[in-house]
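*Asks:* Numbering (the working numbering), first residue to last: 959 to 1062. We put the CB at the ideal spot given by N, CA and C, even for glycine. What follows is a structure written as C-alpha cells; I'll ask about it next.
Put into C-alpha cells, the structure is as follows:
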C-alpha cells in the first residue's frame, strides 16, 4: 500500500473546495495537494465512518482494505480525510494519504 509520506476518505460528494482548504478553513499545504491527489480523490470522513479493527488497523467505510495505523498522518483540522482513486472498472487505487485527528 502506497501512502504519501514525502517529507512527508465515503459516501457523498466532496465539494471542490475540499482540496483547497481543510474543514476549518485553513489552506491545504502545497505538498499535500501535489502528493495526495485531485479533487475527486479527496474523501472527507465522519468519525462514524472510521474504526479500528482487532489488529489495530483503521477500517474506513468505502475503502476496500484496512489501513495500518502506523501510516496515519496527523490531521490539520481535526477531521478524518482519506485520499485514493475510484477507478472506472470498480477497483480502487492504493491510499495516497490518510489523515486522522491528533487525539488518535
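Distance, Cα to Cα, residue 1050 vs residue 1040?
*Replies:* Roughly 12 Å separates the two Cα atoms.
*Asks:* Note down, in chain order, each residue of its chain lying with its Cβ closer than 7 Å to the Cβ of residue 986, except the 5 sequence neighbours on either side.
*Replies:* 977, 978, 979, 980, listed in sequence order.
*Asks:* Apply the 10 Å Cβ neighbour rule to residue 1003 and answer buried if 16 or more other Cβ atoms are within range, or exposed otherwise.
*Replies:* With 16 or more other Cβ atoms within 10 Å, it is buried.
*Asks:* Label residue 1067 either buried or exposed according to how many other C-beta atoms from any shown protein chain fall within 10 Å of its C-beta, with 16 as the threshold for buried.
*Replies:* For residue 1067 there is no data in the structure shown, the boundaries of the chain being 959 and 1062.
*Asks:* Can you check which of these residues, 988, 1052, 989, is closest to residue 1021 by C-alpha distance?
*Replies:* Ranking 988, 1052, 989 by Cα distance to residue 1021 puts 1052 first.
*Asks:* Who are the near neighbours of residue 982 in its chain, counting only those whose CB is closer than 6 Å to its CB and skipping five residues on each side?
*Replies:* These residues qualify, in order along the chain: 1035.
*Asks:* How would you write the range of the beta strand (DSSP E) that residue 1000 sits in, first residue to last?
*Replies:* 1000–1003 is the extent of the beta strand (DSSP E) around residue 1000.
*Asks:* Which class does residue 980 belong to by DSSP, given the choice of helix, strand or coil?
*Replies:* In the structure shown, residue 980 sits in coil (DSSP, three-state: anything other than H, G, I, E or B).
*Asks:* Helix, strand or coil, according to DSSP, for residue 962 in the structure here?
*Replies:* Annotation note: pLDDT 38 at residue 962 (below 50); position unreliable, coordinate value reported separately. Residue state, collapsed to three classes: coil.
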